[in-house]
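Residue numbers (the working numbering): 1068 to 1232.
Report on the following structure.
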Ligand SMILES: [Ca+2]
């Protein structure tokens, strides 16, 4: 008897990119987790925090055949996640620009990164996961120093401006 495996979603996965321009200077937190709070060793991601424009803003997510984009940002710092980093108390402060790698190691895992931003100075936060072949469907959220969520993007809801309700 043939067994049918239910495909819950066939929606193309896109990696979240978030462009954040603070209205006040301060230390902000980026929270990353899986959309369903799943996790395993292969739930890897790569986080890029820069004060420039999104690196793939014009090429789109489809154009990734062949060679990946050259990581030509000179002076970009490299970080590896180190647990614990699940809350704002343990979030490491990264400088811009930084290329960080991490993993949602277990269900319920959350990674929090802290960064300083200046008033009116845009910060681009990109989380690559699907692009790397990772099963992680990342949800990213920026919170201010008081923990208030300011922006959120996830890899599923990539709607372009339509107001759902
Ligand atoms: Ca973590």
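Ideal Cβ positions, reconstructed from N, Cα and C, are used throughout, including at glycine.
Return yes when the Cβ of residue 1209 is within less than 8 Å of the Cβ of residue 1085, no when it is not.
-> One-based indexing of the chain shown puts residue 1085 at position 18. One-based indexing of the chain shown puts residue 1209 at position 142. Yes; because the gap between Cβ atoms is below 8 Å, this pair is in contact.
Are the Cβ atoms of residue 1119 and residue 1168 separated by less than 8 Å?
-> Working through the chain shown from its first residue, we reach residue 1119 at position 52. Working through the chain shown from its first residue, we reach residue 1168 at position 101. Against a cut-off of 8 Å, the Cβ pair of residue 1168 and residue 1119 comes out as no contact.
What are the boundary residues of the beta strand (DSSP E) that includes residue 1094?
-> Translated into positions along the chain shown, residue 1094 becomes position 27. Looking at the DSSP string, the run of the beta strand (DSSP E) that includes residue 1094 is 1093-1101.
In this structure, does DSSP put residue 1208 in helix, strand or coil?
-> Counted from its first residue, the chain shown places residue 1208 at position 141. Looking at residue 1208 - three-state DSSP - the assignment turns out to be strand.
What first and last residue would you give for the beta strand (DSSP E) that runs through residue 1145?
-> Your numbering for residue 1145 matches position 78 in the chain shown. Note, residue 1145: beta strand (DSSP E), 1144-1147.
Which value, in whole angstroms, describes the spacing of the CA atoms of residue 1162 and residue 1217?
-> Numbered from 1 along the chain shown, position 95 holds the residue referred to as residue 1162. Numbered from 1 along the chain shown, position 150 holds the residue referred to as residue 1217. In a straight line, the C-alpha of residue 1162 is about 20 Å away from that of residue 1217.
Under the three-state reduction of DSSP, which class applies to residue 1197: helix, strand or coil?
-> Residue numbering aside, residue 1197 sits at position 130 when the chain shown is read from its first letter. Helix.
Contact shell at 6 Å, judged by CB to any heavy atom of ligand 1, ordered along the chain = 1150, 1152, 1153, 1176, 1177 and 1178
Could you pull out every residue in the same chain whose Cβ sits closer than 8 Å to the Cβ of residue 1149, ignoring the five residues on either side in sequence?
-> Within the chain shown, residue 1149 is the residue found at index 82, counting from 1. Cβ neighbours of residue 1149 beyond the five flanking positions: 1159.
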